[in-house]
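Residue numbers (this note's numbering): 608 to 1075.
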């Protein structure tokens, strides 16, 4: 059996209790592993579970506490790593038969940092194939189910991380986000997900995805994400895009609220289709910011209209690196990914450079616009969770690969590198979570976290658990 309270305990509380010798790392790990053993077959959030090594790590952590040895801020806390990220000795398969059996030879730098801070890897979490879609299934690992409703989309590509956090499989989960893949699972699963400013967390090897992929924390509370970010962040010599300078003490920067801030609220960016219940809950959340003292204005940003065309050019193009794999692997790949790759065609260098210029103009327009605003509020995703076998919800235009139509709020801030978070703002009549997206100026990760903490205090959700 397991202790539900321990399984859903925040990282901040658990770390404090471990330091005070009020909670044993072994007791915590035992309870979480027992919950995973009982519930994981129904959810399928792990691509690889490292239960034995996790328990060994908990025993080492407990011995260190007993000996009074110095330990880091995450000492004894279970951690999951997405299966697009290298963790030494664990599989690195990217949700694809193409990479099946691959074992990582070394940690990604931020994984080393998390371990050095005392976190204990539980295993690898599922992803859509090579992170290509926002739907929680892959040909290698199958369906990852939404803990709030079996058979429904948990979001992707950080599907397993979102589902594991919602299901109470420990407090700390890492995701990555190339077009919303931290924020979408956070929205669908009712947790908090932060995509920091690009470069805040180093990526090694440097991604060939046109500097759009970000790593970030996925947790049940804002404070836990702040704690995790404070460990993961910081420049690294092998990532020339990583941001230099002293790493902020993010947990200490959560106070101060939003009073007096200039907050833009856009229900649809002027072009996105949004389902009614989602729109209503996000509008209500914007009113909460107003009640907290922010100056909230409904807007349609002048830069937004060109975003859809740009995303539908660059998303297939970034997948073209997989084109040589089709000859051998197409029959065992996600058909949507194959269609996405083929839809890229064969753009010329001139065509690519012209679209890149348009993208950079778009990015510049977004940053000029943020000169007048401290924050932007939007829906995190246009829809609540829908049946996972679908790529588009029922009643939406059907397409062989285009899932971006219901995720128009995410990718702009991958292009622009702004920090953006999805925070739970309510439930539909069917009991499915909905997320509010909070976007800040580039480099103002602390501002997004502070606004998130203020909203969390006004509308707490961490006590809500899915009916598993």
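We treat Cβ as the ideally placed atom computed from N, Cα and C, and that holds for glycine. The model shown is predicted, which means the values in this text are computed figures rather than measured ones.
Beta-carbon separation (whole angstroms), residue i vs residue j, contact threshold 8 Å
i, j, result
"residue 808", "residue 839", "5 Å"
"residue 727", "residue 668", "7 Å"
"residue 1030", "residue 1050", "In fact, because the Cβ distance is near 20 Å, the residues do not count as touching under 8 Å."
"residue 843", "residue 716", "5 Å"
"residue 904", "residue 872", "7 Å"
"residue 1025", "residue 1054", "Actually they are not in contact, since the Cβ atoms of residue 1025 and residue 1054 sit about 11 Å apart, beyond 8 Å."
"residue 701", "residue 734", "7 Å"
"residue 691", "residue 657", "So it is not a contact: roughly 17 Å between Cβ atoms."
"residue 831", "residue 779", "7 Å"
"residue 857", "residue 1056", "6 Å"
"residue 740", "residue 943", "6 Å"
"residue 765", "residue 825", "6 Å"
"residue 622", "residue 684", "6 Å"
"residue 984", "residue 896", "7 Å"
"residue 981", "residue 868", "4 Å"
"residue 821", "residue 849", "So it is not a contact: roughly 12 Å between Cβ atoms."
Coarse secondary structure for residue i, derived from DSSP in three states
i, result
"residue 616", "coil"
"residue 926", "coil"
"residue 969", "helix"
"residue 905", "strand"
"residue 753", "strand"
"residue 704", "helix"
"residue 825", "strand"
"residue 686", "strand"
"residue 1026", "coil"
"residue 758", "strand"
"residue 957", "helix"
"residue 808", "coil"
"residue 994", "strand"
"residue 648", "helix"
"residue 787", "coil"
"residue 831", "helix"
"residue 900", "coil"
"residue 815", "coil"
"residue 854", "coil"
"residue 609", "coil"
"residue 635", "helix"
"residue 910", "coil"
"residue 975", "helix"
"residue 838", "helix"
"residue 1071", "coil"
"residue 866", "coil"
"residue 876", "coil"
First through last residue of the alpha helix (DSSP H) which encompasses residue i
i, result
"residue 722", "716–723"
"residue 1051", "Per DSSP, residue 1051 belongs to no alpha helix (DSSP H) and is neither H nor E."
"residue 820", "Counting along the chain, residue 820 falls outside any alpha helix (DSSP H), and DSSP gives it neither H nor E."
"residue 628", "Element bounds for residue 628: n/a, residue is neither H nor E."
"residue 936", "933–936"
"residue 948", "942–950"
"residue 1009", "Element bounds for residue 1009: n/a, residue is neither H nor E."
"residue 773", "766–774"
"residue 794", "790–796"
"residue 1017", "It is not in any alpha helix (DSSP H) - residue 1017 carries neither H nor E in the DSSP assignment."
"residue 763", "Run containing residue 763: none; DSSP gives neither H nor E here."
"residue 662", "658–673"
Residue i - partner residues in DSSP beta bridges
i, result
"residue 985", "1044"
"residue 732", "653, 689"
"residue 744", "750"
"residue 846", "843"
"residue 698", "710"
"residue 727", "685"
Continuous beta strand (DSSP E) stretch holding residue i: start and end
i, result
"residue 802", "799–802"
"residue 869", "869–872"
"residue 1036", "Note, residue 1036: premise wrong, no beta strand (DSSP E); not H, not E."
"residue 779", "779–784"
CB contact check: residue i to chain B, cutoff 8 Å
i, result
"residue 659", "In summary, chain B is missing from the structure at hand, where a single protein chain is found."
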